[in-house]
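Student: When you read off a place in the sequence shown, starting at 1, and then add 619, the result is the number in our numbering.
Following this message is one structure expressed as structure tokens.
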Amino acid sequence: MSAIDEPLAATIRELELPPVIATIATEGGTAVHPALRYRAQSVHPAAWSLVERSPGLVPLWSCGIDSAFADQDGTFLMWSAEDAWPSHRFPDYAGLVRALLTDLREDDEDEDDLRVIAGLLLPGRKTGRGQARR
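Structure follows, in structure tokens:
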């Protein structure tokens with residue numbers, strides 16, 4: 620992780636999100652799981668342009684010109700750099716992860732890979748087949 624990325628990783632850790640989110644934000648999703656290669660890339664410059672417009676946002680990952688953010692009000696959102704407003708707002712982190720998993724499923728990613736990713740992004744929650752990830 621570069622010195623430039625450390626402040627973002629520290630901010631994500633302060634939000635008490637799973638540690639893999641800081642890895643995704645700074646190194647890209649493939650550092651966590653190959654199936655995240657497109658849907659969860661490291662934070663792109665387009666995401667930072669949205670942070671400049673809305674300083675309470677913390678970028679978590681990017682997918683093209685769309686980015687996932689934590690907002691200072693405790694919600695999570697997806698926002699395209701081309702749009703004036705977020706396209707989706709989720710009341711909690713789990714909702715954002717569910718949207719990512721839905722996108723991955725629509726991309727025809729393997730169900731076992733989806734379970735592994737869910738376990739990484741939602742540690743301690745049931746991720747299928749009655750198993751709880753810790």
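Heads up, the beta-carbon is just placed ideally off N, CA and C, and yes, glycines get one too.
Since the model is a prediction, treat every value here as computed from it, not as a measurement.
Using three-state DSSP, classify Ala713 as helix, strand or coil.
Tutor: Here the question's residue 713 lines up with position 94 in the sequence shown. It is helical.
Student: Under the rule that 16 or more other beta-carbon atoms within 10 Å means buried, what is Gly738, buried or exposed?
Tutor: Residue 738 sits at position 119 when you count from the first residue of the sequence shown. That one is buried.
Student: Taking the alpha-carbon of His652 as reference, which of Asp727, Val639, Leu669, Glu701 has the nearest alpha-carbon?
Tutor: Counting from 1 along the sequence shown, the entry for residue 652 is found at position 33. Taking only the C-alpha atoms, the option nearest His652 is Val639.
Student: Hey, could you find the ends of the alpha helix (DSSP H) Pro638 is sitting in?
Tutor: Mapped onto the sequence shown, residue 638 falls at position 19. Residues 638-646.
Student: Under a three-way DSSP split, which group does Pro664 fall into?
Tutor: Residue 664 sits at position 45 when you count from the first residue of the sequence shown. Secondary structure of Pro664 (DSSP, three-state): helix.
Student: Label Gln691 either buried or exposed according to how many other C-beta atoms from any shown protein chain fall within 10 Å of its C-beta, with 16 as the threshold for buried.
Tutor: Taking the first residue of the sequence shown as 1, we reach residue 691 at position 72. Exposed is the call here.
Student: Decide if Arg658 is buried, meaning its Cβ has at least 16 other Cβ atoms within 10 Å, or exposed.
Tutor: By 1-based counting over the sequence shown, the position of residue 658 is 39. Classification for Arg658: buried.
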